[in-house]
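Chemist: Below you'll find the structure I mean.
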Amino acid sequence: MPIPNHQLYSPFRTTLSSSSSSSSHSFTSKILLLLTILPVSLAAIAFILQWRGGITDPATLSSPRGSHHYFPGMEPSPLSHVSHNSHSHSDCVNLGRTNSPSFPYYHNWKLDFEASLTPKICVTTSTSAGLEQILPWMFYHKVIGVTNFFLFVEGKAASPEVSNVLESIPGVKVVYRTKQLEEQQAKSRIWNETWLAGFFYKPCNYELFVKQSLNMEMAIVMARDSGMNWILHLDTDELMHPAGAREYSLRQLLLDVPGHVDMVIFPNYESSIERDDIKEPFSEVSMFKKNYDHLPKDTYFGMYKDSVRGNPNYFLTYGNGKSAARIQDHLRPNGAHRWHNYMKTPNEIKLEEAAVLHYTYAKFSDLTSRRDRCGCKPTKEDVKRCFMLEFDRTAFIIASTATEEEMMKWYNEHVVWGDKDLKMKLLRKGVLTRIYSPMVIIQSLRESGVFSSVIASAPSLSKENFLLSIDSSNSSRVSASVTLPSRKVGRTKESQAATRKALSVESAAFHEVAVPPLSPPVVDDNDLISHN
Numbered sequence: 001m002p003i004p005n006h007q008l009y010s011p012f013r014t015t016l017s018s019s020s021s022s023s024s025h026s027f028t029s030k031i032l033l034l035l036t037i038l039p040v041s042l043a044a045i046a047f048i049l050q051w052r053g054g055i056t057d058p059a060t061l062s063s064p065r066g067s068h069h070y071f072p073g074m075e076p077s078p079l080s081h082v083s084h085n086s087h088s089h090s091d092c093v094n095l096g097r098t099n100s101p102s103f104p105y106y107h108n109w110k111l112d113f114e115a116s117l118t119p120k121i122c123v124t125t126s127t128s129a130g131l132e133q134i135l136p137w138m139f140y141h142k143v144i145g146v147t148n149f150f151l152f153v154e155g156k157a158a159s160p161e162v163s164n165v166l167e168s169i170p171g172v173k174v175v176y177r178t179k180q181l182e183e184q185q186a187k188s189r190i191w192n193e194t195w196l197a198g199f200f201y202k203p204c205n206y207e208l209f210v211k212q213s214l215n216m217e218m219a220i221v222m223a224r225d226s227g228m229n230w231i232l233h234l235d236t237d238e239l240m241h242p243a244g245a246r247e248y249s250l251r252q253l254l255l256d257v258p259g260h261v262d263m264v265i266f267p268n269y270e271s272s273i274e275r276d277d278i279k280e281p282f283s284e285v286s287m288f289k290k291n292y293d294h295l296p297k298d299t300y301f302g303m304y305k306d307s308v309r310g311n312p313n314y315f316l317t318y319g320n321g322k323s324a325a326r327i328q329d330h331l332r333p334n335g336a337h338r339w340h341n342y343m344k345t346p347n348e349i350k351l352e353e354a355a356v357l358h359y360t361y362a363k364f365s366d367l368t369s370r371r372d373r374c375g376c377k378p379t380k381e382d383v384k385r386c387f388m389l390e391f392d393r394t395a396f397i398i399a400s401t402a403t404e405e406e407m408m409k410w411y412n413e414h415v416v417w418g419d420k421d422l423k424m425k426l427l428r429k430g431v432l433t434r435i436y437s438p439m440v441i442i443q444s445l446r447e448s449g450v451f452s453s454v455i456a457s458a459p460s461l462s463k464e465n466f467l468l469s470i471d472s473s474n475s476s477r478v479s480a481s482v483t484l485p486s487r488k489v490g491r492t493k494e495s496q497a498a499t500r501k502a503l504s505v506e507s508a509a510f511h512e513v514a515v516p517p518l519s520p521p522v523v524d525d526n527d528l529i530s531h532n
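In C-alpha cells:
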C-alpha cells in the first residue's frame with residue numbers, strides 16, 4: 001500500500017524545523033553574550049586606565065588647577081595624625097570627617113571659584129555664632145555659587161579659635177566690632193536720615209536691626225571694591241533655596257534675572273521641626289512651612305487656623321523674606337530685609353519658586369539664647385520695647401519665668417509638629433513641604449571632611465598676633481561716605497535728639513521707611529468665614 005506524501009516527508013520536516021529553531025536560539029545566545037561582555041570589558045579597560053592615570057576624568061577639567069588629585073576629605077590632613085582627645089573645642093565635635101568621598105563635585109575643600117563664576121555674588125551677615133553653625137552655612141552657599149562673604153563678628157564668632165578659622169577661608173572678610181568700628185559707623189549718613197530713625201535708641205531687636213543696617217552699608221562698598229555683581233544679607237540661621245533654576249544654583253538663578261531688575265525678593269519658608277532634640281538644624285530638618293506668597297490664597301485662608309496652632313501668627317517670626325540687590329551706584333540698605341537706592345525706586349521682582357529657608361527656634365536652646373542676649377524685663381509691656389514680633393515676646397517671657405520642664409512643654413505645644421495627622425493634612429494641601437537639598441549638600445560636605453579640613457588648615461595665632469590681625473582686618477574697612485557727628489548704637493534718644501538734622505525735601509522722596517521683620521497676613525474670624 002503506497003505511503004501518502006505528507007506522511008513520507010513529515011519526519012524530515014520535523015527535523016528541519018527543530019534544526020532551524022536550534023540555530024536561531026544559538027545565534028540569539030551569542031548576541032546576548034556579546035552585548036554582555038562588550039560593556040563589561042570596556043568598563044574594565046577604562047577602570048584600569050583611570051587607575052593608572054592613563055586618561056583624565058572629565059569632571060576634573062573644570063576644577064581649579066592643582067585640585068584634581070583628591071576628592072574632598074581624601075587629601076592628607078593634619079587631622080589624621082591628631083588624637084581625638086586633642087579636640088577640645090566644642091565647634092569641632094560635629095564637624096568631623098570620614099573617608100567617604102561622597103561629595104565629588106568640587107575637588108578642593110576651599111571651593112575657591114571666584115575667578116570663574118559669573119555673576120559674582122556676596123553675602124553679608126552680622127553674627128555671634130560658632131563654627132558649628134557658620135561653616136555649614138558658609139560652605140553650603142559656596143556650593144550654590146556665592147563667592148565672597150563679609151562677616152561682621154562679635155561674641156563667640158569674634159573669639160580667636162573661631163575668627164582665625166574664618167579668616168583662613170578664601171573670599172571671606174572678617175570685620176570685628178571694635179571701638180574703632182563703632183566710631184566709624186557713628187559717622188554714617190544713616191544717622192542723619194529718616195528712613196531708619198524709628199529704630200534708633202531702642203534695645204534688643206531694634207538695636208540689632210540698626211547694627212545690621214550699618215554693617216550692610218559698609219558691605220555694599222566692600223562688595224563694589226571686590227567686583228561683586230549681587231549682594232544679599234542673610235543671618236546664619238538662613239539658607240538660600242534656589243528652586244526654579246536650571247540647576248540648583250543661586251548663580252544660575254541670578255544670571256537669568258533681566259538686566260533692568262535691581263532687586264530680587266526671595267519669600268521665606270519657616271522650619272517646622274518634628275522633634276524637640278534637634279542639634280544640627282541644617283542636617284536634621286526637612287519640613288518647612290511655605291510662604292503666603294507661594295500658596296493659593298484659598299489654601300492660605302482655608303488652612304490658616306490649622307497652620308497657626310494657637311500661635312500669634314502663621315509664621316513664628318518674620319514672613320516678608322529677604323532680598324538680593326544688584327551692585328550699583330547709590331545703593332543703600334533698607335533694613336535687614338530689603339535694599340533701596342538714594343536716587344531712584346528700585347525695579348524689583350519676587351520669585352515664584354526660590355526661597356529663603358529660615359531655621360527659627362529649631363533648637364530648644366534657642367529659647368534661652370534669645371533670653372540671654374536681651375536685658376529686658378519679662379513683662380508684656382517691656383517686651384514690646386525690645387521685640388518687634390509677638391512670638392518673640394511670648395517666647396522671651398516663657399524663657400525668663402518658666403521652669404525647664406514648663407519650657408519644654410510649651411516648646412512642644414507651640415514649635416514642635418508632633419501631630420502626624422495634622423502634618424499629613426497640611427503636606428497634602430501644600431502648606432507644609434519637604435526640602436532635602438540643603439540637608440544632602442551639608443551632610444556630604446561634612447562626610448567629605450570639608451569642615452574638618454578648614455579647621456585643621458587654619459594657622460594658630462598667639463594673643464598678640466590675634467590682636468594685630470583684628471587691627472589689620474578692620475584697618476582695611478571702608479569709611480562712611482558722609483561724615484556726621486559721632487553717635488553710638490544704643491545711646492538714649494534724648495541725648496542725641498538735639499544733634500539730628502532734618503533731610504532736605506528733594507532727597508526725602510527716595511527715603512522710604514526701612515522694612516522691618518513683618519508677619520504674614522493675619523486672618524480673623526470674619527476672613528475665615530468668608531473663605532469657607
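Quick note on the UniProt record's numbering: the sequence shown kicks off at 1 and runs consecutively.
All C-beta atoms in this analysis are idealised placements derived from N, C-alpha and C, irrespective of residue type, glycine included.
What's the C-alpha gap between residue 182 and residue 419?
Modeler: The residue you call residue 182 lines up with position 182 of the sequence shown. The residue you call residue 419 lines up with position 419 of the sequence shown. So the alpha carbons of these two residues sit roughly 48 Å apart.
Chemist: Given residue 199, which residues of its chain have a CB within under 6 Å of its CB, disregarding the five upstream and five downstream residues?
Modeler: Within the sequence shown, numbered from 1, the residue matching residue 199 stands at position 199. If we look at residue 199 and ignore the five residues flanking it on each side, its Cβ neighbours are 206, 209, 210.
Chemist: Look at the alpha carbon of residue 341 and the alpha carbon of residue 331, and state the distance between them as a whole number of angstroms.
Modeler: As a working mapping, residue 341 is identified with position 341 in the sequence shown. As a working mapping, residue 331 is identified with position 331 in the sequence shown. So the two alpha carbons sit approximately 4 Å from each other.
Chemist: Compare the C-beta of residue 160 with all C-beta atoms of chain B and state if any pair is closer than 7 Å.
Modeler: No chain B is part of this structure, which consists of one protein chain only.
Chemist: Compare the Cα-Cα distances from residue 221 to each of 158, 122, 179, 192 and report the closest residue.
Modeler: Walking along the sequence shown from the start, residue 221 turns up at place 221. Comparing Cα positions, the closest option is 122.
Chemist: According to DSSP, is residue 330 part of a helix, a strand, or is it coil?
Modeler: On the sequence shown, position 330 is the one that residue 330 refers to. If DSSP states are grouped into helix, strand and coil, residue 330 belongs with coil.
Chemist: Using the Cα positions of residue 523 and residue 434, report the straight-line distance between them to the nearest angstrom.
Modeler: Here the question's residue 523 lines up with position 523 in the sequence shown. Here the question's residue 434 lines up with position 434 in the sequence shown. Each residue's alpha carbon lies about 25 Å from the other.
Chemist: Can you give the Cα-Cα distance for residue 323 and residue 262, rounded to whole angstroms?
Modeler: The sequence position of residue 323 within the sequence shown is 323, counting from 1. The sequence position of residue 262 within the sequence shown is 262, counting from 1. Each residue's alpha carbon lies about 10 Å from the other.
Chemist: Based on the DSSP secondary-structure assignment, which residues constitute the bridge partners of residue 125?
Modeler: Along the sequence shown, read from residue 1 onward, the residue named residue 125 stands at position 125. DSSP lists 151 as partners of residue 125.
Chemist: Keeping to the same chain, check which residues put their C-beta closer than 8 Å to that of residue 408; ignore five residues upstream and five downstream.
Modeler: As a working mapping, residue 408 is identified with position 408 in the sequence shown. Within the same chain, residue 408 has close Cβ partners 276, 364.
Chemist: For residue 456, which residues does DSSP report across the bridge?
Modeler: Here the question's residue 456 lines up with position 456 in the sequence shown. Its beta-bridge partners do not exist; DSSP assigns none.
Chemist: According to DSSP, is residue 377 helix, strand or coil?
Modeler: Within the sequence shown, numbered from 1, the residue matching residue 377 stands at position 377. Residue 377: coil per DSSP, three-state reduction.
Chemist: As an exercise, report each continuous beta strand (DSSP E) stretch of at least 3 residues that is fully enclosed by the segment 248–272, in chain order.
Modeler: The segment 248–272 contains these whole beta strand (DSSP E) runs: 263–266, 268–271.
Chemist: Do residue 288 and residue 314 come within 7 Å of each other at the CB atom, strictly closer than that value?
Modeler: For the purposes of this step, residue 314 is taken as residue 314 along the sequence shown, with counting starting at 1. For the purposes of this step, residue 288 is taken as residue 288 along the sequence shown, with counting starting at 1. Their beta carbons are not under 7 Å apart, which means residue 314 does not touch residue 288 by this criterion.
Chemist: Taking one C-beta from the segment 372–383 and one from the segment 230–244 each time, how about it: are there three or more such pairs within less than 8 Å?
Modeler: No contact exists between the segment 372–383 and the segment 230–244.
Chemist: Answer yes if the segment 437–449 comes into contact with the segment 295–313, meaning at least three C-beta pairs across the two stretches below 8 Å, and no otherwise.
Modeler: The answer is no - the segment 437–449 does not touch the segment 295–313, with fewer than three Cβ pairs under 8 Å.
Chemist: Alpha carbon to alpha carbon, what distance is there between residue 120 and residue 253?
Modeler: If you number the sequence shown from 1, residue 253 lands on position 253. If you number the sequence shown from 1, residue 120 lands on position 120. Distance between the alpha carbons of residue 253 and residue 120: 12 Å.
Chemist: If you draw a straight line from the alpha carbon of residue 27 to that of residue 42, how long is it in whole angstroms?
Modeler: As a working mapping, residue 27 is identified with position 27 in the sequence shown. As a working mapping, residue 42 is identified with position 42 in the sequence shown. Roughly 23 Å between the two C-alpha positions.
Chemist: Which residues in the same chain have their Cβ closer than 7 Å to the Cβ of residue 219, if we skip the five residues on either side of it in sequence?
Modeler: Taking the sequence shown and counting its residues from 1, the one referred to as residue 219 is at position 219. Answer for residue 219: 124, 150, 231, listed in chain order.
Chemist: Short of 6 Å in beta carbon distance, which residues of its chain neighbour residue 168, apart from the five on each side in sequence? Order them along the chain.
Modeler: Working through the sequence shown from its first residue, we reach residue 168 at position 168. Excluding positions up to five away in sequence, the list reads 458.
Chemist: Please say whether residue 260 and residue 347 have beta carbons closer to each other than 7 Å?
Modeler: Walking along the sequence shown from the start, residue 347 turns up at place 347. Walking along the sequence shown from the start, residue 260 turns up at place 260. Yes, Cβ-Cβ distance for residue 347 and residue 260 is below 7 Å.
Chemist: What are the boundary residues of the beta strand (DSSP E) that includes residue 341?
Modeler: Against the sequence shown, residue 341 aligns to sequence position 341. Where residue 341 is concerned, the enclosing beta strand (DSSP E) stretches over 339–341.
Chemist: By alpha-carbon positions, which one of 155, 129, 196, 271 ends up nearest to residue 339?
Modeler: Position 339 of the sequence shown holds residue 339. Out of 155, 129, 196, 271, 196 has the C-alpha closest to the C-alpha of residue 339.
Chemist: What did DSSP end up calling residue 287 once you bin it into helix, strand or coil?
Modeler: Taking the first residue of the sequence shown as 1, we reach residue 287 at position 287. Strand, per DSSP.
Chemist: What do you get for residue 177, buried or exposed, if any count of 16 or more other CB atoms within 10 angstroms of its CB means buried?
Modeler: For this step, residue 177 is matched to residue 177 along the sequence shown. Result: buried.
Chemist: Mind checking whether residue 243 and residue 129 have CB atoms under 7 Å apart?
Modeler: Taking the sequence shown and counting its residues from 1, one reaches residue 243 at position 243. Taking the sequence shown and counting its residues from 1, one reaches residue 129 at position 129. In this structure, residue 129 does not lie closer than 7 Å to residue 243 by Cβ.
Chemist: Given a cut-off of 7 Å, decide if residue 334 and residue 515 are closer than it, judged by their beta-carbon atoms.
Modeler: By 1-based counting over the sequence shown, the position of residue 515 is 515. By 1-based counting over the sequence shown, the position of residue 334 is 334. Against a cut-off of 7 Å, the Cβ pair of residue 334 and residue 515 comes out as a contact.
Chemist: What did DSSP end up calling residue 492 once you bin it into helix, strand or coil?
Modeler: Locating residue 492 in the sequence shown gives position 492, where the first residue counts as 1. Per-residue confidence for residue 492 stands at a pLDDT of 42, beneath the threshold of 50, marking its modelled position as unreliable; the derived number appears in the next sentence. Three-state result, residue 492: coil.
Chemist: Which residue from 436, 425, 34, 184 puts its Cα closest to that of residue 302?
Modeler: Residue mapping note: residue 302 aligns to position 302 of the sequence shown, counting from 1. Per the Cα distances, 425.
Chemist: Would you report the Cα separation of residue 203 and residue 373, rounded to the nearest angstrom?
Modeler: By 1-based counting over the sequence shown, the position of residue 203 is 203. By 1-based counting over the sequence shown, the position of residue 373 is 373. Looking at the two C-alpha atoms, the distance is approximately 10 Å.
Chemist: In whole angstroms, what separates the C-alpha of residue 317 from that of residue 392?
Modeler: The residue labelled residue 317 in the question sits at position 317 within the sequence shown. The residue labelled residue 392 in the question sits at position 392 within the sequence shown. Using only the alpha carbons, I get a separation of about 7 Å.
Chemist: Identify whether residue 236 lies in helix, strand or coil by the three-state DSSP scheme.
Modeler: By 1-based counting over the sequence shown, the position of residue 236 is 236. Of the three classes helix, strand and coil, the one that applies to residue 236 here is coil, per DSSP.
Chemist: Spatial neighbours of residue 416 within its chain, please: CB distance less than 6 Å, with the 5 preceding and 5 following residues excluded, ordered by chain position.
Modeler: Locating residue 416 in the sequence shown gives position 416, counting from the first residue. Taken in chain order, the residues that qualify are 273, 276.
Chemist: Go to residue 221, then tell me how far its alpha helix (DSSP H) extends in each direction, as first and last residue.
Modeler: Residue 221 sits at position 221 when you count from the first residue of the sequence shown. Segment 205–225, the alpha helix (DSSP H) holding residue 221.
Chemist: Report buried or exposed for residue 44, applying the criterion of at least 16 other Cβ atoms within 10 angstroms of its Cβ.
Modeler: Within the sequence shown, residue 44 is the residue found at index 44, counting from 1. Looking at its Cβ environment, which holds fewer than 16 other Cβ atoms inside 10 Å, residue 44 is exposed.
Chemist: Here's the rule: buried if 16 or more other CB atoms are within 10 angstroms of the residue's CB, otherwise exposed. What is residue 326?
Modeler: Within the sequence shown, residue 326 is the residue found at index 326, counting from 1. When all chains shown are included, residue 326 counts as buried.
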